[in-house]
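I have placed the structure first, in the form of C-alpha cells, so that the comments after it can refer back to it.
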C-alpha cells in the first residue's frame with residue numbers, strides 16, 4: 001500500500017528520549033535533546049516530553065515501570081538541549097513517587113508527578129466492562145496521516161510515528177468531520193520499536209486532537225496530561241481511541257485508550273487542552 | 279423523608295480546609311488541620327486533601343480558580359495538624375501553574391500540581407456531545423448514604439456530606455451490585471455550603487468507589503487523582519456520576535462527572551486506585 005514516506009530519517013523513540021546523567025552534585029539531573037522532527041508546527045509533542053520525563057523517573061526511582069504520570073505544561077521548549085531533573089519523593093515497597101521537571105535555558109517547561117511500580121503482562125484483567133468498545137478495523141485497512149494539517153501546518157512528527165486512522169475517522173481530512181469527536185486507529189513507533197511504559201506516555205498524546213472530528217481549529221495546546229499505564233504491552237503497533245467530551249470556555253478535555261495487539265488495554269490518558277472554538 | 283442524622287455537628291468545607299499563613303520566610307506555607315470527621319476508617323478522603331491544597335494554590339497564585347489539579351498520594355495523614363506549602367512555578371497572563379505539598383510531622387503525604395485561571399459561569403458550552411447522559415432522577419428520590427460500609431467500617435465523612443444514591447445505584451448496600459460499575463446520585467456539602475472550584479476538587483472523590491457496584495472490596499486507596507474544573511457551579515447540590523472502567527493488576531481507574539443544578543458539567547475527575555480484587 002502507498003504511504004507518505006518520511007522526508008528525513010526515522011528517529012527512534014529510544015533515541016529522541018535518550019538521557020545523559022549530569023552526575024556531580026545532582027544525581028537525578030539529565031541532559032536530553034528535544035528532536036526537531038518530533039514536533040507539530042515546530043513545537044514538541046507534549047506526550048513525547050512526558051515520555052522523556054518518565055524515563056528519567058524510572059532511572060532515578062526504585063521501580064521499573066511508570067504506572068501513573070501527570071504533567072502540567074508551562075512553556076513549550078524549542079528543539080534542542082533540555083535538562084530533566086527527577087527527585088524521589090517517596091520510595092515505598094510496592095510503589096514510589098517522583099517529581100520531574102523539564103527545563104530549557106533555566107526556564108521551567110513541564111512539571112510532572114510520576115508514580116512507579118512493577119507491572120506484569122501475564123494476568124488477565126479482573127473486570128473490563130467499563131471500557132469503550134474495541135474497534136475491529138485492521139491496521140492494513142487504515143490510512144497513514146501525512147506530516148501536515150489541512151491548513152498546511154507542518155506536523156513533522158507524522159513523518160516519524162505511524163498514525164493510521166480508520167476510514168470513518170478520516171472524514172475531517174476532506175473537511176467533513178462526523179461531529180462525533182472520536183478518532184480511532186493504530187499507532188506504531190519509528191523503526192517498529194516496541195512500546196514500553198515510557199513510550200505509552202507518548203502514545204496517549206500521539207493522535208491528532210479528537211476535536212478535528214468536530215471542527216478544525218488549528219493548534220490545540222495541552223495544558224494538563226495524565227496517563228495511567230495498566231499493563232506491559234505486547235510487541236507491535238497499538239490500537240488507539242482518542243475521544244473529546246466537552247468544549248467549554250475555549251478548553252477541551254480528551255480521553256485516550258490504548259490497546260495492544262492482544263486486545264489488552266495497556267494505557268489510558270486524559271488531557272485538558274486549549275482550543276480556539278467557542 | 280428519613281435520613282441518618284449525623285452524630286456530631288456539621289463541619290463546613292470552608293472550615294475543615296481553613297488555612298493559616300505561616301508568614302515568616304515562607305510566603306506559601308500554611309498550617310491546616312485534617313478534620314477527624316472527614317475520614318473513611320480514620321483516613322482522610324483524598325479529594326478533601328486536594329481541596330485544601332487547591333485553596334493554598336489559589337491563595338498564593340495570581341488567578342482565582344483552579345482549572346486543573348493532579349495529586350499523587352504518598353502517605354495518608356492522620357487527623358490533626360498538617361502543613362501545606364504552595365509554590366508558584368509560572369505566573370502567566372491567562373493561567374498560572376503551582377506545586378503544592380501537604381505534609382505531617384515533616385513527612386510528605388500528598389504532592390500536587392495545580393493550574394489556575396479565571397472561570398466564568400455565563401457562557402453555554404460550545405460542544406458537549408461526548409459526555410455521558412445526564413441522569414433524570416431527582417434529589418428527593420435518592421437515598422442518603424449512612425456513615426458505615428456494609429462490613430461495618432466507620433465512614434465518618436458520610437455523616438458530614440450528603441451523598442444520595444439513585445435507587446438503581448443502591449443495590450450494593452443489600453449485597454446485590456448491578457455489575458455495571460456506575461454510581462449515580464447527588465452530593466451536597468455540610469450546611470448546604472455552595473460549591474466552588476476548590477470544593478469541586480473534593481466533589482469528584484466524594485462518592486463511594488464505583489467498584490462497589492461490581493463487588494465489595496473494602497478500602498480503595500487513591501494513588502492518583504486528576505480533576506478538571508470546567509465552569510463555576512450554580513448554588514445547590516451537584517449531580518454526580520462515578521464510573522469504573524478497568525480492574526487489572528489490583529488497580530482500578532474511575533471517572534467522575536459533576537453537573538450543577540442547571541445541568542452544566544462543572545467538574546470531571548479521573549483516578550487510579552488500589553483494590554483488593556483479582
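Residue numbers (the working numbering), protein chains in the order written: chain E, 1 to 278; chain X, 279 to 556. Even glycine gets a Cβ: it sits at the ideal position worked out from N, Cα and C.
- Cβ contact annotation for residue 91/E (same chain, cutoff 6 Å, sequence separation greater than five): 62, in chain order.
- Contact annotation: in the stretch 492-511 of chain X, residues whose CB is within less than 7 Å of a CB in chain E are 492, 501, 502, 504, 506, 508 and 509.
- Within the stretch 130-207 of chain E, the alpha helix (DSSP H) runs of at least 4 residues that lie entirely inside it are, in chain order, 197-203.
- Pairing residue 31/E with residue 83/E gives a Cβ-Cβ distance under 8 Å.
- Fewer than three Cβ pairs drawn from the stretch 340-353 of chain X and the stretch 402-409 of chain X lie within less than 8 Å of each other, which leaves the two stretches out of contact.
- DSSP places residue 54/E in the helix class (H, G or I) of the three-state scheme.
- Less than 8 Å divides the Cβ of residue 475/X from the Cβ of residue 344/X.
- Against chain E, the beta carbon of residue 546/X has neighbours under 7 Å at 253, listed in chain order.
- Cβ proximity to chain E below 8 Å picks out 375, 377, 386 and 389 from the stretch 374-389 of chain X.
- The Cβ atoms of residue 468/X and residue 439/X lie closer than 8 Å to each other.
- As computed with DSSP, residue 273/E is found in a beta bridge with 222/E and 252/E.
- A direct Cα-to-Cα measurement between residue 48/E and residue 471/X gives close to 42 Å.
- Taking every protein chain shown into account, the CB of residue 302/X has fewer than 16 other CB atoms within 10 angstroms, so this residue is exposed.
- Taking the CA atoms as reference points, residue 178/E sits about 10 Å from residue 211/E.
- When only Cα atoms are considered, residue 87/E and residue 417/X end up about 46 Å apart.
- With distances taken between CA atoms, residue 530/X lies nearest to 499/X out of 451/X, 299/X, 347/X and 499/X.
- Between residue 80/E and residue 447/X, the alpha-carbon positions lie close to 53 Å from each other.
- From the beta-carbon of residue 125/E, the residues of chain X found nearer than 7 Å are 524, 525 and 526.
- Beta-carbon to beta-carbon, residue 482/X and residue 430/X are separated by about 27 Å, too far to satisfy the 8 Å threshold.
- For the C-beta of residue 27/E, not a single chain X residue is nearer than 8 Å; the gap to the nearest is close to 19 Å.
- Using a Cβ distance threshold of 8 Å, residue 209/E and residue 166/E do not count as a contacting pair.
- Exposure of residue 136/E is indicated by the presence of fewer than 16 other C-beta atoms within 10 angstroms of its C-beta.
- Residue 406/X has a beta carbon lying within less than 8 Å of a beta carbon in chain E.
- Residues of the same chain with a CB within less than 8 Å of the CB of residue 289/X, apart from the 5 flanking positions on each side, are 313, 315, 316, 438 and 468 in chain order.
- DSSP places residue 308/X in the strand class (E or B) of the three-state scheme.
- In this structure residue 265/E does not touch residue 501/X by the C-beta definition: roughly 17 Å separates them, more than the 8 Å allowed.
- As DSSP reads the structure, residue 72/E sits in a beta bridge with 111/E and 224/E.
- In this model, residue 419/X and residue 515/X are separated by some 14 Å (Cα to Cα).
- Among the CB atoms of chain E, one or more fall inside 8 Å of the CB of residue 521/X.
- For residue 403/X, the closest alpha carbon among the candidates 355/X, 509/X and 425/X is that of 509/X.
- For the C-beta of residue 120/E, the chain X residues within less than 8 Å are, from N- to C-terminus, 527.
- Proximity of chain X to residue 57/E at the Cβ level (cut-off 7 Å) is not reached, the minimal Cβ distance being about 11 Å.
- For residue 211/E, the three-state secondary structure derived from DSSP is helix.
- Taking 9 Å as the Cβ-Cβ cut-off, the stretch 338-351 of chain X approaches chain E at 345, 346, 347, 348, 349, 350 and 351, given in chain order.
- For residue 98/E, the beta-bridge partners assigned by DSSP are 88/E and 114/E.
- For residue 463/X, no Cβ of chain E is located within less than 8 Å of the residue's own Cβ.
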